[in-house]
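Undergrad: Sharing a structure with you now.
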Amino acid sequence: MQRLFLTFFGTGLSPKAPGTVGSLAGAVAAFGILTILPASTLFLISICLFLYSIKIIDDYEAKTGVHDHGSIVIDEVAGVWLAVSISGATVVQFALSVVFFRLFDIWKPSVIGRVDRDVKGGLGVMGDDMLAGLFAGLLSAICYEAATKIGLDYEWVKFELPFVK
Numbered sequence: 054m055q056r057l058f059l060t061f062f063g064t065g066l067s068p069k070a071p072g073t074v075g076s077l078a079g080a081v082a083a084f085g086i087l088t089i090l091p092a093s094t095l096f097l098i099s100i101c102l103f104l105y106s107i108k109i110i111d112d113y114e115a116k117t118g119v120h121d122h123g124s125i126v127i128d129e130v131a132g133v134w135l136a137v138s139i140s141g142a143t144v145v146q147f148a149l150s151v152v153f154f155r156l157f158d159i160w161k162p163s164v165i166g167r168v169d170r171d172v173k174g175g176l177g178v179m180g181d182d183m184l185a186g187l188f189a190g191l192l193s194a195i196c197y198e199a200a201t202k203i204g205l206d207y208e209w210v211k212f213e214l215p216f217v218k
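For the sequence shown, our numbering assigns the number 54 to the initial residue and increments by one for each residue that follows.
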């Protein structure tokens, strides 16, 4: 059960790019969650998932002796959910949040990289992805606002997800 949770229903077991597969699965799940719950609830769920996962990852690492095993993608899921919940209600913002999250998660700039390198255990595994999600959501919102301010406010850019309020 623990492995099913940490791999987000097995998506982390993908032989190629498990982090990307886990992020995409998290985005699909976020889309589904947003059909029935508001973005503010997704935000709170991501925080709860973050807090709960720290202990589960600590237990898993103690059992296996491996820090941040590649199959653990629950951190990507929580990070994507945070990014999507922060960014806004348009399709463009949703997509930008996922793309920016992956870029920050892969490149690990600034404080994201420091947390990844220096913080051990479940907090380290989850912390860098939550920071990546925070920055991705903010950057997505900023890019969207900048695009609309400079006149790129075409209808397809402003197309809102019909269920996100």
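Even for Gly, the Cβ is constructed at its ideal location relative to N, Cα and C. Quick caveat, the model's predicted, so the values are computed rather than measured.
Where do the ends of the alpha helix (DSSP H) carrying residue 153 lie?
TA: Where residue 153 is concerned, the enclosing alpha helix (DSSP H) stretches over 144 to 160.
Undergrad: Count the other CB atoms within 10 Å of the CB of residue 94; is the residue buried (16 or more) or exposed (fewer)?
TA: With fewer than 16 other Cβ atoms within 10 Å, it is exposed.
Undergrad: Let me confirm a value: residue 198 is counted as buried when at least 16 other C-beta atoms fall within 10 Å, else exposed. Which label applies?
TA: By the neighbour-count rule (16 or more Cβ atoms within 10 Å), residue 198 is not buried but exposed.
Undergrad: Report the option in 184, 196, 179 whose CA atom is closest to the CA atom of residue 126.
TA: Nearest C-alpha to residue 126: 179.
Undergrad: Give me the Cβ distance between residue 141 and residue 194, rounded to the nearest whole Å; I'm assuming they're in contact under 8 Å.
TA: The Cβ separation is near 6 Å, so the contact holds.
Undergrad: Would you call residue 106 buried or exposed, if buried means 16 or more other Cβ atoms sit within 10 Å of its Cβ?
TA: Counting Cβ neighbours within 10 Å, residue 106 comes out buried, since at least 16 surround it.
Undergrad: From the DSSP output, which residues share a beta bridge with residue 213?
TA: Bridge partners of residue 213: 143.
Undergrad: Please work out which residues of its chain come closer than 6 Å, Cβ to Cβ, to residue 61, disregarding the five sequence neighbours upstream and downstream, and give them in chain order.
TA: Once the five neighbours on either side are set aside, the close Cβ partners of residue 61 are 75, 78, 126, 127, 130.
Undergrad: How long is the line joining the alpha carbons of residue 169 and residue 91, rounded to whole angstroms?
TA: Cα to Cα, residue 169 sits roughly 30 Å from residue 91.
Undergrad: Under a three-way DSSP split, which group does residue 205 fall into?
TA: The answer is coil: DSSP assigns residue 205 none of H, G, I, E or B.
Undergrad: For residue 126, which three-state DSSP category applies?
TA: Reduced to three states, the DSSP call for residue 126 is coil.
Undergrad: Let me confirm a value: residue 150 is counted as buried when at least 16 other C-beta atoms fall within 10 Å, else exposed. Which label applies?
TA: Buried is the call here.
Undergrad: By a C-beta neighbour count over all protein chains shown, 10 Å radius and 16 as the cutoff for buried, is residue 54 buried or exposed?
TA: When all chains shown are included, residue 54 counts as exposed.
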